[in-house]
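Only one structure is covered here, and it is reproduced in the block below.
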Amino acid sequence: MRIIDLISKDSVKLNLVSKDKLNVIDELVDLVDNSGNLNDSDEYKEAILAREELSTTAIGEGVAIPHAKNKSVKDACLAAGISKKGIDYEAFDDTLSYLFFMIAAPDGANDTHLEVLSRLSTILMDESFRNDLINASSVDEFLNLINAKEKEKFPEEEVKEVVVEDKKSKLPTILAVTACPTGIAHTFMAAESLSQKAANKGVSIKVETNGSAGVKNVLTKEEIENATCIIVAADKNVEMNRFNGKKVIITKVADGIHKADELIDKAVKGDAPIFHGLKESDTQDSSNEKESIGRQFYKHLMNGVSHMLPFVVGGGILIALAFLFDDYTINPANFGMNTPLAAFFKTIGGQAFGFMLPVLAGYIAMSIADRPGLAVGFVGGIIASAGYTFGNLMNYDAKTAISAGFLGALLAGFVGGYLVLLLKKLFSYLPDALEGIKPVLLFPVFGILLIGLIMISVNPIVGSVNTALNNFLASMSGTSKILLGTILGAMMAIDMGGPFNKAAYVFGTAQLTVVNAGLEQFAIMAAVMIGGMVPPLAIALATTFFKNRFSESERKSGIVNYVMGLSFITEGAIPFAAADPLHVIPACVVGSGIAGALSMAFGCGLRAPHGGIFVLPTIINFPMYLVALIVGSVVGAILLAILKKPLDKAK
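Last residue of the sequence shown? That's 1801 in the numbering used here, and every number before it is there in order.
Written out as structure tokens, the structure is:
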């Protein structure tokens, strides 16, 4: 749909009189109404205002494109206006807006407004074109400029037959899938890196992201059939059977970020083995037979951790709020439940947090054995968490039972997964007529029975080890305690979301599950979080105070790291670490290690597993925690400035 076909002379005004956002919306709505395409201008205006409440439609560079899809619109249309003096339309770049386009689309028009919005955004990227529009002396000149630019950017298609014949050639040559355990930063950074490197090489690519909000940009059957090669950069399970018979490069998500050039070159050459899918499930491990045991262990563990995190974060922060809103003096032994508000947060948070170990075990088992493993691992995790043994089955008391804790849940997950694989092998000899009852009857019944027997048998041993570990941590003091804080803080910065980072984080959250955990366990979580907050903050400080070490784009990105660091999102530092690992990573590791050590030395504690600055009031000795954070970040920033040479000297 062409822009010029949607706009009429009556819907263009070269001298808007409005001086603020609300008035210019009124003026533009009137212009849309002039086209005769509105049934109810007031209703349409309400839709425009509702859209603006979500986020401003000022796209920066002096342009605003308010838009709405509403039943009050008869036919899709467009209005345009120019403000010579400029209007504050709340643009993200804090600039005034001079050029306005208002898009109106009827309720049943699919995504017409988005198509027009995309076209407008594309042609308005040209600064000289924007200036020509703003300085147009007549409406005819304004419309002619748009017409010419649109023809330049979107030349008319020739005949439909040619498009049909060329359809296959327009399919992407290379396909990719990216996925990380948490589905937040690495997933999308790998996708962006692969897309950019492919574009630089003139290679067409489509990247599917398996993020925390679900699968986006899903690869179609037709695209898979016509692809030269498929790159799977994933640290968790993705759907693999669809790639059966295709050349597939399987690697870790970090390679999608750091080795995108190499992966694109290999994919173009078709330098990859043929993938052979399995018959029993639709979703298979993205590993192959050459994958190391260590990497398989890590992927199964991270699948459990990624599903566990929402329960840990949500429940943990609510529990922390319970302590914040409680009064310790009422009954120290019942701290967290002394007031109605505190009891509410503690109860709800406790229920969510209680799922941590069963979910961890369940999804580790599911990663190994697909869906039949979920129930088996889940039950094994519950038994491990509760501390059931043959000795207390008849007279179970949760207060005296010894929980196998995090170690027991890990064991339950892996044992449960491989137990189900064994059952699949054994039951494969049964007649085909019984195939349908395996997943609904045989696997769950025998799997749960066997995992129950195994976990009840090993719980006394694992529980004793878990108790000994917790007692050892509780007994740490002085230099050993500070050393632990240094190590944990440094681990959070070594790979910023990778195996070391996740190992430290999982260790910290595991301590929060300890019954009647003391300050020592809370101190561990505090050291872990502060270690993860320092890298983005150190980079942000360095880009602010040592600007000659960074490019203009890096300085702009550095500002975002203030928010990332304060929010405990370590991944904000990854682009800088990827671009200059030899200088950035050591500086961040030292800064995080110092912050972790100071947190321990100051006796800080954290009852929440996440939240950054937003859970600061719940932190034990939070003033000194803030001091530790500042010191670690400043040291990291200064060290980074020392290690990195000024750009002019670096050349």
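Beta carbons are placed, not taken as given, at the ideal position from N, Cα and C, and that holds for glycine.
Note that the structure is a prediction, hence the values are computed from the model and not measured.
(message) For D1385 and G1586, I'd like the C-alpha separation in whole angstroms.
(response) Here residue 1385 refers to the residue found at position 235 of the sequence shown. Here residue 1586 refers to the residue found at position 436 of the sequence shown. C-alpha separation (whole angstroms): 32 Å.
(message) So, with DSSP's three-state summary, where would you put S1742?
(response) Locating residue 1742 in the sequence shown gives position 592, counting from the first residue. Reduced to three states, the DSSP call for S1742 is helix.
(request) Specify the secondary structure class of K1794 as computed by DSSP and reduced to three states. (result) The residue given as residue 1794 occupies position 644 in the sequence shown. Reduced to three states, the DSSP call for K1794 is coil.
(message) Whole angstroms are fine: how far does the CA of E1300 sit from the CA of E1358?
(response) Taking the sequence shown and counting its residues from 1, the one referred to as residue 1358 is at position 208. Taking the sequence shown and counting its residues from 1, the one referred to as residue 1300 is at position 150. Roughly 30 Å between the two C-alpha positions.
(request) State whether the region 1485-1502 contacts the region 1563-1570, with contact taken as three or more CB pairs (one from each stretch) at a distance under 8 Å. (result) no
(message) Just to confirm my understanding: we take V1785, look at its own chain, exclude 5 residues before and 5 after, and list those with CB closer than 6 Å. What are they?
(response) The residue labelled residue 1785 in the question sits at position 635 within the sequence shown. For V1785, where only same-chain residues beyond five positions count, the Cβ hits under 6 Å are G1741 and I1744.
(message) Alpha carbons only, please: which of K1163, G1512 and D1257 is nearest the one belonging to F1251?
(response) Here residue 1251 refers to the residue found at position 101 when the sequence shown is read from its first residue. Of the candidates K1163, G1512 and D1257, the one whose C-alpha sits nearest the C-alpha of F1251 is K1163.
(message) Would the region 1226-1234 count as touching the region 1174-1182 if we require 3 or more Cβ pairs under 8 Å?
(response) yes
(message) List, from N- to C-terminal side, the alpha helix (DSSP H) runs of 4 residues or more that fit wholly inside the region 1513-1584.
(response) 1522-1536 and 1555-1577
(request) List the DSSP bridge partners of F1250. (result) In the sequence shown, the residue the question calls residue 1250 occupies position 100. Its beta-bridge partners are A1214 and G1231.
(request) Give me the Cα-Cα distance between I1680 and G1722, rounded to the nearest whole angstrom. (result) Walking along the sequence shown from the start, residue 1680 turns up at place 530. Walking along the sequence shown from the start, residue 1722 turns up at place 572. Between I1680 and G1722, the C-alpha separation is close to 15 Å.
(request) May I ask you to list the residues that DSSP assigns as paired with G1755? (result) On the sequence shown, residue 1755 is found 605 positions in, with the first residue counted as 1. I1770.
(message) Between which residues of its own chain and T1659 is the CB-CB distance below 6 Å, once the five residues before and five after are set aside?
(response) In the sequence shown, residue 1659 corresponds to position 509, counting from 1. Around T1659: V1462 and P1759.
(message) Check for me: the alpha helix (DSSP H) holding A1483 runs from which residue to which?
(response) To locate residue 1483, count along the sequence shown from 1; it is residue 333. Neither: A1483 is in no alpha helix (DSSP H) and is coded neither H nor E.
(message) Between F1577 and K1588, how many whole angstroms is the CB-CB distance? I'm expecting something under 8 Å.
(response) Mapped onto the sequence shown, residue 1577 falls at position 427. Mapped onto the sequence shown, residue 1588 falls at position 438. Yes, they are in contact, since the Cβ atoms of F1577 and K1588 sit about 6 Å apart, within 8 Å.
(request) Can you grab the Cα-Cα spacing for the pair E1702 / Y1712, in whole Å? (result) Numbered from 1 along the sequence shown, position 552 holds the residue referred to as residue 1702. Numbered from 1 along the sequence shown, position 562 holds the residue referred to as residue 1712. Going by the C-alpha atoms only, they are around 17 Å apart.
(request) Return yes when the Cβ of N1360 is within less than 7 Å of the Cβ of A1329, no when it is not. (result) Position 179 of the sequence shown, counted from the first residue, corresponds to residue 1329. Position 210 of the sequence shown, counted from the first residue, corresponds to residue 1360. Taking 7 Å as the Cβ cut-off, A1329 and N1360 qualify as a contacting pair.
(message) Per DSSP, what are the beta-bridge partners of V1327 in this structure?
(response) Looking up residue 1327 in the sequence shown gives position 177. Paired residue(s): E1358 and V1382.
(request) Could you work out which residue in K1171, K1221 and S1158 is closest to N1189 when comparing CA atoms only? (result) Here the question's residue 1189 lines up with position 39 in the sequence shown. Ranking the options by Cα distance to N1189, first place goes to K1221.
(request) Kindly indicate the opening and closing residues of the beta strand (DSSP E) around T1207. (result) The sequence position of residue 1207 within the sequence shown is 57, counting from 1. First-last for T1207: undefined, no H or E at that position.
(message) Can you list, in chain order, the residues of its chain with a C-beta nearer than 8 Å to that of E1439? Leave out the 5 residues immediately preceding and following it.
(response) Against the sequence shown, residue 1439 aligns to sequence position 289. Legend: pLDDT at E1439 = 42, less than 50; position of this residue unreliable, no value from coordinates given.
(request) Could you check the C-alpha separation between A1747 and M1339 for me, to the nearest Å? (result) For this step, residue 1747 is matched to residue 597 along the sequence shown. For this step, residue 1339 is matched to residue 189 along the sequence shown. Distance between the alpha carbons of A1747 and M1339: 31 Å.
(request) With DSSP collapsed to three states, give me the class of N1220. (result) Mapped onto the sequence shown, residue 1220 falls at position 70. It is a strand residue.
(request) Compare the C-alpha of I1533 against each of G1613, P1460 and R1445 and name the closest. (result) Here the question's residue 1533 lines up with position 383 in the sequence shown. It is G1613 whose Cα lies nearest to the Cα of I1533.
(request) State the Cα-Cα distance for the pair I1796 and K1449, rounded to the nearest angstrom. (result) Counting from 1 along the sequence shown, the entry for residue 1796 is found at position 646. Counting from 1 along the sequence shown, the entry for residue 1449 is found at position 299. The question names Ile, yet the displayed sequence has Pro at residue 1796. If you take the alpha carbons of P1796 and K1449, they lie about 40 Å apart.
(message) Within 10 Å of its beta-carbon, does Y1655 have 16 or more other beta-carbons around it, so buried, or fewer, so exposed?
(response) Position 505 of the sequence shown, counted from the first residue, corresponds to residue 1655. Y1655 comes out buried.
(message) According to DSSP, P1256 sits in a beta bridge with which residue or residues?
(response) Taking the sequence shown and counting its residues from 1, the one referred to as residue 1256 is at position 106. DSSP, once it has assigned bridges, lists N1220 as partnering P1256.
(request) Jot down the residue ranges of each uninterrupted beta strand (DSSP E) in the region 1155-1198, minimum 3 residues, whole runs only, in chain order. (result) 1157-1163
(message) At the level of alpha carbons, what is the spacing between A1791 and D1477?
(response) The count along the sequence shown starts at 1 and reaches residue 1791 at position 641. The count along the sequence shown starts at 1 and reaches residue 1477 at position 327. C-alpha separation (whole angstroms): 46 Å.
(request) With DSSP as the reference, label I1719 as helix, strand or coil. (result) The residue labelled residue 1719 in the question sits at position 569 within the sequence shown. Three-state DSSP puts I1719 in coil, outside helix and strand.
(request) Put G1236 into one of helix, strand or coil per three-state DSSP. (result) Against the sequence shown, residue 1236 aligns to sequence position 86. Residue state, collapsed to three classes: strand.
(message) Just to confirm, is the Cβ distance from Y1239 to A1208 under 7 Å?
(response) As a working note, residue 1239 is residue 89 in the sequence shown. As a working note, residue 1208 is residue 58 in the sequence shown. Yes, the pair counts as a contact, with Cβ atoms nearer than the cut-off.
(message) In the DSSP output, what is V1398 paired with across the bridge?
(response) Here residue 1398 refers to the residue found at position 248 of the sequence shown. Per DSSP, I1380.
(request) Flag F1494 as yes when its Cβ comes closer than 6 Å to any non-hydrogen atom of the ligand GTP, and as no otherwise. (result) Absence of the ligand GTP from the depicted structure is noted, as is the absence of any ligand whatsoever, leaving it without description.
(request) Buried or exposed for D1155, please, with buried defined as at least 16 other CB atoms from any protein chain shown within 10 angstroms of its CB. (result) Counting from one through the sequence shown, the residue named residue 1155 turns up at place 5. With fewer than 16 Cβ atoms within 10 Å of its Cβ, D1155 is classed as exposed.
(request) Could you check the C-alpha separation between L1634 and A1551 for me, to the nearest Å? (result) As a position in the sequence shown, residue 1634 is number 484, starting the count at 1. As a position in the sequence shown, residue 1551 is number 401, starting the count at 1. Cα-Cα distance, rounded: 29 Å.
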